[in-house]
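Right, one structure below, let's go through it.
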Amino acid sequence: MNKKSHKISVTSLILLLYLLTPQIGSGQALSGWVLDSLSGEPLVNANIWDAQSEKGTSTDGFGRFHLTINEGTSLLIVSYVGYISDTISVKELQNFELTFRLQPTAIDQVTISSHRVNAGEQFGRFQIPIQQLNNINFILGEQDLLHSLAGLPGVSLGDMASNGLMARGGKTGHNLILLDGAPVYNTNHLLGMFSTFNSSIVKNVDFYKGGLPARYGGRLSLVIDVSTREGNREEFKSDLKVGLINSGYNIEGPIGKSASFIGTFRASYLGLVVLPLKWLYNSGQIDTYVNYWMYDGNLKFNWHPSENDHFYASFYISQDVTPIYSGTFDAQDESGTENRLKWGNNVLSVRYSRQWNHHLFSKLQAYSSGYSNQQSTFNRDYEGGSISSEVNYNERSSIRETGLVNQNDKIQSIMPYMKVKHIMTVLKSMK
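Going letter by letter, the sequence shown gives residues 1 to 431 in UniProt numbering.
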(Lines of atoms letter the chains of each structure in order from A; the text may use other names.)
(Lines give C-alpha, C1' and ligand atoms only; values in the text may rest on other atoms or scores of the structure.)
Protein backbone atom coordinates (compact mmCIF):
# COMPACT_ATOMS: atom_id res chain seq x y z
CA MET A 1 0.00 0.00 0.00
CA ASN A 2 2.87 2.39 0.88
CA LYS A 3 4.78 1.52 -2.29
CA LYS A 4 1.74 2.37 -4.45
CA SER A 5 1.28 5.78 -2.79
CA HIS A 6 4.99 6.52 -3.21
CA LYS A 7 4.80 5.78 -6.95
CA ILE A 8 1.79 8.18 -7.37
CA SER A 9 3.62 10.98 -5.53
CA VAL A 10 6.73 10.64 -7.69
CA THR A 11 4.64 10.65 -10.88
CA SER A 12 2.75 13.80 -9.79
CA LEU A 13 6.02 15.57 -8.95
CA ILE A 14 7.53 14.77 -12.35
CA LEU A 15 4.37 16.02 -14.14
CA LEU A 16 4.38 19.25 -12.13
CA LEU A 17 8.05 19.92 -12.89
CA TYR A 18 7.38 19.27 -16.60
CA LEU A 19 4.60 21.84 -16.70
CA LEU A 20 6.57 24.50 -14.84
CA THR A 21 9.80 24.09 -16.83
CA PRO A 22 10.05 26.15 -20.07
CA GLN A 23 10.17 23.87 -23.08
CA ILE A 24 13.09 24.17 -25.45
CA GLY A 25 12.01 25.23 -28.94
CA SER A 26 8.41 25.81 -27.93
CA GLY A 27 8.70 29.59 -28.39
CA GLN A 28 7.46 32.49 -26.26
CA ALA A 29 3.85 32.64 -25.10
CA LEU A 30 2.08 36.02 -25.42
CA SER A 31 -1.32 37.02 -24.06
CA GLY A 32 -3.29 40.19 -23.59
CA TRP A 33 -6.22 42.29 -24.72
CA VAL A 34 -7.20 44.38 -27.75
CA LEU A 35 -9.27 47.45 -26.82
CA ASP A 36 -10.86 50.50 -28.41
CA SER A 37 -8.59 53.47 -27.67
CA LEU A 38 -11.54 55.86 -27.20
CA SER A 39 -14.04 53.85 -25.18
CA GLY A 40 -11.89 51.04 -23.80
CA GLU A 41 -14.39 48.54 -25.21
CA PRO A 42 -12.90 45.08 -25.88
CA LEU A 43 -12.66 44.31 -29.60
CA VAL A 44 -13.98 40.84 -30.32
CA ASN A 45 -12.40 38.85 -33.17
CA ALA A 46 -9.49 41.26 -33.60
CA ASN A 47 -6.58 39.69 -35.49
CA ILE A 48 -3.03 39.21 -34.10
CA TRP A 49 -0.69 38.10 -36.89
CA ASP A 50 2.89 36.84 -36.95
CA ALA A 51 4.04 37.87 -40.42
CA GLN A 52 7.20 35.74 -40.36
CA SER A 53 5.65 32.40 -39.47
CA GLU A 54 2.32 33.35 -41.14
CA LYS A 55 0.42 32.23 -38.07
CA GLY A 56 -1.93 34.15 -35.86
CA THR A 57 -4.96 34.18 -33.66
CA SER A 58 -8.00 36.30 -32.83
CA THR A 59 -9.48 37.68 -29.65
CA ASP A 60 -12.28 35.90 -27.85
CA GLY A 61 -15.59 37.29 -26.64
CA PHE A 62 -13.81 39.28 -23.95
CA GLY A 63 -11.21 40.82 -26.27
CA ARG A 64 -8.43 38.56 -24.94
CA PHE A 65 -5.92 36.56 -26.98
CA HIS A 66 -3.19 33.92 -26.52
CA LEU A 67 -0.39 33.40 -29.04
CA THR A 68 2.90 31.48 -29.05
CA ILE A 69 5.61 33.02 -31.21
CA ASN A 70 8.91 31.61 -32.48
CA GLU A 71 12.30 32.89 -31.41
CA GLY A 72 12.87 34.46 -34.83
CA THR A 73 9.64 36.49 -34.78
CA SER A 74 10.35 40.22 -35.04
CA LEU A 75 6.99 41.92 -35.72
CA LEU A 76 3.35 41.40 -34.70
CA ILE A 77 0.48 43.02 -36.58
CA VAL A 78 -2.79 43.74 -34.76
CA SER A 79 -5.80 44.68 -36.93
CA TYR A 80 -9.56 45.09 -36.70
CA VAL A 81 -12.14 46.20 -39.24
CA GLY A 82 -12.74 49.93 -38.98
CA TYR A 83 -9.56 50.57 -36.96
CA ILE A 84 -6.00 51.59 -37.77
CA SER A 85 -3.69 48.56 -37.60
CA ASP A 86 -0.88 48.51 -35.00
CA THR A 87 2.58 46.98 -35.46
CA ILE A 88 4.83 46.09 -32.51
CA SER A 89 8.45 44.92 -32.37
CA VAL A 90 8.89 41.71 -30.37
CA LYS A 91 12.53 42.49 -29.55
CA GLU A 92 11.47 45.62 -27.63
CA LEU A 93 9.01 43.74 -25.46
CA GLN A 94 9.78 43.63 -21.74
CA ASN A 95 6.41 42.30 -20.65
CA PHE A 96 4.64 39.47 -22.44
CA GLU A 97 1.22 40.46 -21.04
CA LEU A 98 0.17 43.01 -23.68
CA THR A 99 -2.65 45.49 -24.17
CA PHE A 100 -3.27 46.92 -27.63
CA ARG A 101 -5.43 50.05 -28.03
CA LEU A 102 -6.51 50.54 -31.62
CA GLN A 103 -7.55 53.91 -33.00
CA PRO A 104 -10.84 54.04 -35.00
CA THR A 105 -10.39 55.13 -38.59
CA ALA A 106 -12.65 57.48 -40.55
CA ILE A 107 -14.61 55.55 -43.18
CA ASP A 108 -17.65 56.44 -45.24
CA GLN A 109 -20.83 55.95 -43.28
CA VAL A 110 -22.97 53.01 -44.28
CA THR A 111 -26.53 52.93 -42.96
CA ILE A 112 -28.51 49.71 -43.11
CA SER A 113 -32.10 50.15 -42.02
CA SER A 114 -35.30 48.19 -42.12
CA HIS A 115 -38.92 48.82 -41.31
CA ARG A 116 -39.82 47.37 -37.95
CA VAL A 117 -43.25 45.79 -37.69
CA ASN A 118 -44.98 47.32 -34.68
CA ALA A 119 -47.75 45.76 -32.66
CA GLY A 120 -51.00 46.07 -34.56
CA GLU A 121 -49.31 46.71 -37.90
CA GLN A 122 -50.47 44.51 -40.70
CA PHE A 123 -48.15 41.99 -42.29
CA GLY A 124 -47.91 42.00 -46.06
CA ARG A 125 -48.28 45.78 -46.30
CA PHE A 126 -45.65 48.05 -47.85
CA GLN A 127 -46.01 51.82 -47.55
CA ILE A 128 -43.84 53.23 -50.30
CA PRO A 129 -43.13 56.98 -50.69
CA ILE A 130 -43.27 58.12 -54.28
CA GLN A 131 -39.77 59.66 -53.97
CA GLN A 132 -38.38 56.15 -53.64
CA LEU A 133 -40.25 54.87 -56.69
CA ASN A 134 -39.27 57.87 -58.80
CA ASN A 135 -35.61 56.98 -58.43
CA ILE A 136 -36.16 54.07 -60.83
CA ASN A 137 -36.40 54.76 -64.57
CA PHE A 138 -37.62 52.26 -67.11
CA ILE A 139 -38.33 52.37 -70.83
CA LEU A 140 -36.58 55.33 -72.47
CA GLY A 141 -36.08 57.02 -69.09
CA GLU A 142 -39.78 57.05 -68.16
CA GLN A 143 -40.79 56.68 -64.52
CA ASP A 144 -43.44 54.04 -64.01
CA LEU A 145 -45.23 53.18 -60.80
CA LEU A 146 -46.29 49.62 -61.53
CA HIS A 147 -42.95 48.60 -63.02
CA SER A 148 -41.31 49.86 -59.82
CA LEU A 149 -43.59 47.69 -57.69
CA ALA A 150 -42.65 44.68 -59.80
CA GLY A 151 -39.21 44.82 -58.19
CA LEU A 152 -40.58 43.94 -54.74
CA PRO A 153 -40.15 40.39 -53.39
CA GLY A 154 -42.85 38.00 -54.55
CA VAL A 155 -44.15 40.35 -57.28
CA SER A 156 -43.62 40.09 -61.04
CA LEU A 157 -45.02 41.43 -64.30
CA GLY A 158 -47.49 39.25 -66.14
CA ASP A 159 -45.47 39.17 -69.35
CA MET A 160 -43.26 41.35 -71.50
CA ALA A 161 -44.61 44.85 -72.22
CA SER A 162 -47.42 44.42 -69.71
CA ASN A 163 -48.31 46.23 -66.51
CA GLY A 164 -50.31 43.32 -65.14
CA LEU A 165 -48.78 42.58 -61.74
CA MET A 166 -48.89 39.12 -60.22
CA ALA A 167 -48.13 38.38 -56.57
CA ARG A 168 -47.14 34.89 -55.47
CA GLY A 169 -48.86 33.08 -58.31
CA GLY A 170 -52.01 35.20 -58.45
CA LYS A 171 -53.51 36.52 -61.68
CA THR A 172 -53.97 40.13 -62.77
CA GLY A 173 -57.74 39.75 -62.48
CA HIS A 174 -57.34 39.09 -58.75
CA ASN A 175 -55.91 42.58 -58.11
CA LEU A 176 -57.55 45.73 -56.82
CA ILE A 177 -55.99 49.06 -57.85
CA LEU A 178 -57.34 52.25 -56.24
CA LEU A 179 -56.78 55.93 -57.01
CA ASP A 180 -57.83 58.15 -54.11
CA GLY A 181 -60.10 55.37 -52.88
CA ALA A 182 -61.80 54.66 -56.25
CA PRO A 183 -61.07 51.56 -58.37
CA VAL A 184 -59.23 51.92 -61.68
CA TYR A 185 -60.08 49.24 -64.23
CA ASN A 186 -57.49 49.89 -66.92
CA THR A 187 -53.94 50.66 -65.76
CA ASN A 188 -52.11 50.53 -69.11
CA HIS A 189 -50.98 52.99 -71.73
CA LEU A 190 -49.27 52.22 -75.02
CA LEU A 191 -50.48 48.62 -75.01
CA GLY A 192 -48.94 47.99 -71.60
CA MET A 193 -45.59 49.77 -71.99
CA PHE A 194 -46.27 52.15 -69.06
CA SER A 195 -49.03 52.68 -66.51
CA THR A 196 -51.80 55.26 -66.32
CA PHE A 197 -50.47 56.74 -63.06
CA ASN A 198 -48.64 60.03 -63.51
CA SER A 199 -45.79 60.09 -61.00
CA SER A 200 -45.96 63.90 -60.85
CA ILE A 201 -49.17 63.80 -58.81
CA VAL A 202 -48.72 60.57 -56.84
CA LYS A 203 -47.93 61.15 -53.15
CA ASN A 204 -47.91 57.71 -51.56
CA VAL A 205 -48.57 54.06 -52.37
CA ASP A 206 -49.94 51.45 -49.97
CA PHE A 207 -49.13 48.05 -51.39
CA TYR A 208 -50.63 44.84 -49.99
CA LYS A 209 -49.55 41.43 -51.22
CA GLY A 210 -50.85 39.34 -48.34
CA GLY A 211 -53.34 39.48 -45.49
CA LEU A 212 -55.65 41.91 -47.31
CA PRO A 213 -57.90 43.98 -45.01
CA ALA A 214 -61.61 43.22 -45.14
CA ARG A 215 -62.44 46.77 -46.28
CA TYR A 216 -60.90 46.00 -49.68
CA GLY A 217 -63.37 43.22 -50.37
CA GLY A 218 -62.63 39.68 -51.48
CA ARG A 219 -59.57 40.22 -53.66
CA LEU A 220 -57.25 37.23 -53.88
CA SER A 221 -53.87 38.57 -54.98
CA LEU A 222 -52.81 42.15 -54.19
CA VAL A 223 -54.08 45.67 -53.51
CA ILE A 224 -52.45 48.91 -54.69
CA ASP A 225 -53.90 52.01 -52.99
CA VAL A 226 -52.54 55.18 -54.62
CA SER A 227 -52.93 58.58 -52.94
CA THR A 228 -52.41 61.82 -54.86
CA ARG A 229 -50.94 65.10 -53.69
CA GLU A 230 -53.00 67.99 -52.35
CA GLY A 231 -51.17 70.78 -54.13
CA ASN A 232 -49.02 73.65 -52.89
CA ARG A 233 -50.88 75.78 -50.30
CA GLU A 234 -48.22 78.52 -50.21
CA GLU A 235 -47.50 79.53 -53.82
CA PHE A 236 -48.33 78.80 -57.44
CA LYS A 237 -46.01 76.44 -59.25
CA SER A 238 -45.99 74.88 -62.69
CA ASP A 239 -43.58 72.80 -64.70
CA LEU A 240 -43.33 71.19 -68.10
CA LYS A 241 -41.78 67.74 -68.46
CA VAL A 242 -40.60 66.59 -71.87
CA GLY A 243 -39.78 62.91 -72.42
CA LEU A 244 -39.02 60.62 -75.32
CA ILE A 245 -42.43 58.93 -75.19
CA ASN A 246 -44.71 61.58 -73.72
CA SER A 247 -44.71 65.03 -72.20
CA GLY A 248 -46.73 66.53 -69.39
CA TYR A 249 -47.68 69.82 -67.75
CA ASN A 250 -48.34 70.27 -64.03
CA ILE A 251 -49.80 73.24 -62.18
CA GLU A 252 -50.65 73.69 -58.50
CA GLY A 253 -51.31 76.46 -56.05
CA PRO A 254 -53.44 77.86 -53.19
CA ILE A 255 -57.09 78.88 -53.31
CA GLY A 256 -57.54 81.33 -50.48
CA LYS A 257 -56.04 80.49 -47.12
CA SER A 258 -57.49 77.05 -46.54
CA ALA A 259 -57.76 75.41 -49.99
CA SER A 260 -55.50 74.29 -52.79
CA PHE A 261 -55.57 72.56 -56.15
CA ILE A 262 -53.32 70.51 -58.41
CA GLY A 263 -53.74 69.51 -62.03
CA THR A 264 -51.69 67.42 -64.43
CA PHE A 265 -52.03 66.62 -68.11
CA ARG A 266 -49.92 64.14 -70.05
CA ALA A 267 -49.99 63.15 -73.72
CA SER A 268 -47.98 60.95 -76.04
CA TYR A 269 -46.66 62.27 -79.33
CA LEU A 270 -45.90 58.93 -80.90
CA GLY A 271 -48.74 59.74 -83.29
CA LEU A 272 -46.76 62.71 -84.56
CA VAL A 273 -43.71 60.52 -85.16
CA VAL A 274 -45.57 58.12 -87.46
CA LEU A 275 -47.81 60.80 -88.97
CA PRO A 276 -45.70 61.01 -92.19
CA LEU A 277 -46.75 57.44 -92.90
CA LYS A 278 -50.32 58.71 -93.26
CA TRP A 279 -49.27 60.80 -96.25
CA LEU A 280 -47.65 57.74 -97.83
CA TYR A 281 -50.86 55.81 -97.20
CA ASN A 282 -53.06 58.50 -98.75
CA SER A 283 -50.82 58.62 -101.81
CA GLY A 284 -51.13 54.84 -102.27
CA GLN A 285 -47.46 54.04 -101.58
CA ILE A 286 -48.28 51.79 -98.62
CA ASP A 287 -51.37 49.63 -98.01
CA THR A 288 -51.54 49.73 -94.20
CA TYR A 289 -51.18 52.54 -91.71
CA VAL A 290 -51.26 52.24 -87.88
CA ASN A 291 -51.08 55.07 -85.38
CA TYR A 292 -51.45 55.59 -81.63
CA TRP A 293 -52.59 58.49 -79.46
CA MET A 294 -53.04 58.72 -75.72
CA TYR A 295 -53.63 61.29 -73.00
CA ASP A 296 -54.56 61.38 -69.33
CA GLY A 297 -55.26 64.09 -66.79
CA ASN A 298 -55.75 64.56 -63.06
CA LEU A 299 -57.48 67.39 -61.21
CA LYS A 300 -57.84 67.62 -57.45
CA PHE A 301 -59.28 70.25 -55.07
CA ASN A 302 -58.59 70.24 -51.32
CA TRP A 303 -60.23 72.26 -48.59
CA HIS A 304 -59.35 72.39 -44.89
CA PRO A 305 -62.13 74.37 -43.17
CA SER A 306 -60.50 73.58 -39.81
CA GLU A 307 -57.57 71.64 -38.43
CA ASN A 308 -59.76 68.56 -37.88
CA ASP A 309 -61.79 68.65 -41.11
CA HIS A 310 -60.66 67.85 -44.63
CA PHE A 311 -62.61 67.75 -47.89
CA TYR A 312 -61.32 66.84 -51.34
CA ALA A 313 -62.64 66.13 -54.82
CA SER A 314 -60.47 64.17 -57.25
CA PHE A 315 -61.07 63.59 -60.96
CA TYR A 316 -59.12 61.43 -63.40
CA ILE A 317 -59.59 60.71 -67.10
CA SER A 318 -57.55 58.74 -69.63
CA GLN A 319 -57.98 57.84 -73.28
CA ASP A 320 -56.09 55.61 -75.74
CA VAL A 321 -56.82 55.59 -79.48
CA THR A 322 -55.37 53.27 -82.12
CA PRO A 323 -56.50 53.82 -85.74
CA ILE A 324 -55.71 51.09 -88.27
CA TYR A 325 -56.14 51.75 -92.02
CA SER A 326 -55.88 49.18 -94.79
CA GLY A 327 -56.50 49.81 -98.50
CA THR A 328 -57.05 53.25 -100.06
CA PHE A 329 -60.36 54.99 -100.45
CA ASP A 330 -60.49 55.71 -104.18
CA ALA A 331 -62.14 54.18 -107.22
CA GLN A 332 -58.99 52.35 -108.25
CA ASP A 333 -59.17 49.83 -105.40
CA GLU A 334 -61.75 47.22 -104.64
CA SER A 335 -62.12 48.07 -100.95
CA GLY A 336 -60.82 50.11 -98.05
CA THR A 337 -61.18 49.50 -94.31
CA GLU A 338 -60.67 51.72 -91.30
CA ASN A 339 -60.59 50.25 -87.79
CA ARG A 340 -60.43 52.40 -84.68
CA LEU A 341 -59.87 51.10 -81.15
CA LYS A 342 -60.57 53.39 -78.23
CA TRP A 343 -60.45 52.68 -74.50
CA GLY A 344 -60.16 54.74 -71.34
CA ASN A 345 -61.07 55.46 -67.72
CA ASN A 346 -62.95 58.20 -65.94
CA VAL A 347 -62.89 58.36 -62.14
CA LEU A 348 -64.53 60.80 -59.72
CA SER A 349 -63.95 60.62 -55.98
CA VAL A 350 -65.28 62.93 -53.24
CA ARG A 351 -64.30 62.49 -49.60
CA TYR A 352 -64.89 64.20 -46.27
CA SER A 353 -62.87 63.23 -43.20
CA ARG A 354 -62.84 64.40 -39.60
CA GLN A 355 -60.59 63.82 -36.62
CA TRP A 356 -63.03 63.82 -33.68
CA ASN A 357 -60.38 63.35 -31.02
CA HIS A 358 -57.08 61.54 -30.49
CA HIS A 359 -58.80 58.16 -30.65
CA LEU A 360 -61.53 58.48 -33.29
CA PHE A 361 -61.25 59.28 -37.01
CA SER A 362 -64.14 59.13 -39.51
CA LYS A 363 -64.24 59.15 -43.30
CA LEU A 364 -67.17 59.40 -45.69
CA GLN A 365 -66.45 58.89 -49.38
CA ALA A 366 -68.50 58.67 -52.56
CA TYR A 367 -66.97 57.61 -55.85
CA SER A 368 -67.84 56.71 -59.41
CA SER A 369 -65.44 54.83 -61.66
CA GLY A 370 -66.00 53.81 -65.26
CA TYR A 371 -64.18 52.09 -68.08
CA SER A 372 -65.20 51.83 -71.73
CA ASN A 373 -63.81 49.97 -74.73
CA GLN A 374 -65.02 50.88 -78.20
CA GLN A 375 -64.25 49.39 -81.60
CA SER A 376 -65.49 50.92 -84.84
CA THR A 377 -65.04 49.55 -88.36
CA PHE A 378 -65.78 51.37 -91.60
CA ASN A 379 -65.58 49.41 -94.87
CA ARG A 380 -66.20 50.59 -98.43
CA ASP A 381 -66.34 48.35 -101.54
CA TYR A 382 -66.01 49.39 -105.18
CA GLU A 383 -67.45 47.86 -108.30
CA GLY A 384 -66.99 49.20 -111.80
CA GLY A 385 -65.23 52.29 -110.53
CA SER A 386 -68.07 53.33 -108.22
CA ILE A 387 -68.99 52.64 -104.61
CA SER A 388 -71.09 49.51 -104.35
CA SER A 389 -71.53 49.22 -100.58
CA GLU A 390 -70.58 50.83 -97.26
CA VAL A 391 -70.59 49.23 -93.83
CA ASN A 392 -70.20 51.18 -90.59
CA TYR A 393 -69.98 48.93 -87.53
CA ASN A 394 -69.59 50.07 -83.90
CA GLU A 395 -69.21 47.94 -80.78
CA ARG A 396 -68.92 49.40 -77.29
CA SER A 397 -68.66 47.78 -73.88
CA SER A 398 -68.43 49.60 -70.57
CA ILE A 399 -68.61 49.12 -66.85
CA ARG A 400 -69.29 51.65 -64.10
CA GLU A 401 -69.03 51.19 -60.37
CA THR A 402 -70.56 53.59 -57.87
CA GLY A 403 -69.76 53.31 -54.20
CA LEU A 404 -70.39 54.90 -50.84
CA VAL A 405 -67.89 54.20 -48.06
CA ASN A 406 -68.13 55.08 -44.38
CA GLN A 407 -65.12 54.18 -42.27
CA ASN A 408 -64.48 54.80 -38.57
CA ASP A 409 -61.05 54.16 -37.09
CA LYS A 410 -60.86 53.84 -33.33
CA ILE A 411 -57.37 53.69 -31.85
CA GLN A 412 -57.04 52.11 -28.41
CA SER A 413 -54.64 54.03 -26.17
CA ILE A 414 -53.85 51.05 -23.90
CA MET A 415 -53.02 48.45 -26.54
CA PRO A 416 -51.22 49.71 -29.69
CA TYR A 417 -53.61 48.37 -32.28
CA MET A 418 -56.33 49.81 -34.47
CA LYS A 419 -59.90 48.59 -34.59
CA VAL A 420 -61.69 49.50 -37.82
CA LYS A 421 -65.42 49.50 -38.43
CA HIS A 422 -66.11 49.57 -42.12
CA ILE A 423 -69.40 49.92 -43.99
CA MET A 424 -69.40 49.87 -47.79
CA THR A 425 -72.21 50.02 -50.32
CA VAL A 426 -71.34 49.33 -53.95
CA LEU A 427 -73.64 49.61 -56.94
CA LYS A 428 -72.48 48.24 -60.27
CA SER A 429 -73.85 48.57 -63.76
CA MET A 430 -72.46 47.07 -66.92
CA LYS A 431 -73.39 47.76 -70.52
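Beta carbons: idealized from backbone N, C-alpha and C, even for Gly.
Taking 9 Å as the cut-off, the beta carbon of I255 is found no closer than this to the beta carbon of T228. Just so you know, the alpha carbons of E41 and L35 end up roughly 5 Å apart. Distance from the CA of N246 to the CA of G211, rounded to the nearest whole angstrom, comes to 37 Å. A residue is called buried once 16 or more other Cβ atoms fall within 10 Å of its Cβ, and K237, having fewer, is exposed.
Just so you know, the alpha carbons of Y367 and E401 end up roughly 8 Å apart.
Contact between L178 and V184 holds: their C-beta atoms lie close to 7 Å from each other, under 8 Å. Contact check for S200 and L146: beta-carbon distance about 16 Å, past the 8 Å limit, so the pair fails to qualify. As the crow flies, the alpha-carbon of Q375 is around 11 Å from that of E338. Look at the beta carbons and you see the region 278-286 not touching the region 296-306: under three pairs across the two are nearer than 8 Å. Looking from the CA of L75, the closest CA among D86, A150 and G82 belongs to D86. For the options K203, L244, N373 and S389, the alpha carbon positioned closest to that of L341 is the one of N373. Within the same chain, and ignoring the five residues on either side of R396 in sequence, the residues whose Cβ sits closer than 6 Å to its Cβ are Q374.
Counting along the chain, the unbroken alpha helix (DSSP H) around S148 starts and ends at L145 to L149.
The criterion of a C-beta distance shorter than 9 Å is satisfied by F207 and D225.
Shortest Cα-Cα distance from Y325 to any of F311, L275, S386 and Y289 involves Y289. In the structure shown, R215 adopts helical secondary structure according to DSSP, grouped into three states.
By the criterion of a C-beta distance shorter than 8 Å, V78 is surrounded in its chain by V34, A46, N47, I48, W49, S85, D86, T87, I88, F100 and L102, once the five residues flanking it on both sides are discounted. K241 and S258 have their C-alpha atoms spaced approximately 29 Å apart. Take G154, set aside five residues on each side of it, and the residues of its chain with a beta-carbon closer than 7 Å to its own are A167, R168 and K209, in chain order. Taking the Cα of F265 as reference, the smallest distance to any Cα among G284, G56 and L299 is reached at L299. Within the same chain, Cβ atoms closer than 6 Å to the Cβ of F311 are found at W303 and Y352, the five residues on either side in sequence being excluded. A check of alpha carbon separations from E230 across V202, V321 and V81 identifies V202 as the nearest. Distances from the alpha-carbon of L270 to those of I69, N70, D320 and V223 put D320 closest. The three-state reading of DSSP puts H359 in coil, since its state is none of H, G, I, E or B.
The continuous alpha helix (DSSP H) containing Y281 extends over residues L275 to N282.
In the DSSP assignment, F126 forms a beta bridge with F207. By the neighbour-count definition (other C-beta atoms within 10 Å, threshold 16), V81 is an exposed residue.
When rounded, the separation of the alpha-carbon atoms in D180 and S156 is 24 Å. Counting of Cβ neighbours within 10 angstroms places T73 among the buried residues, the total reaching 16 or more. Counting the other Cβ atoms within 10 Å of the Cβ of D239 gives fewer than 16, which makes it exposed. For E234, same chain residues with a beta-carbon under 7 Å away, outside a window of 5 residues either side, are P254 in chain order. Only buried fits E252, as 16 or more other CB atoms lie within 10 angstroms of its CB. By the beta-carbon neighbour count (other beta carbons within 10 angstroms, threshold 16), T111 is exposed. H189 carries a strand assignment under DSSP once its states are collapsed to helix, strand and coil.
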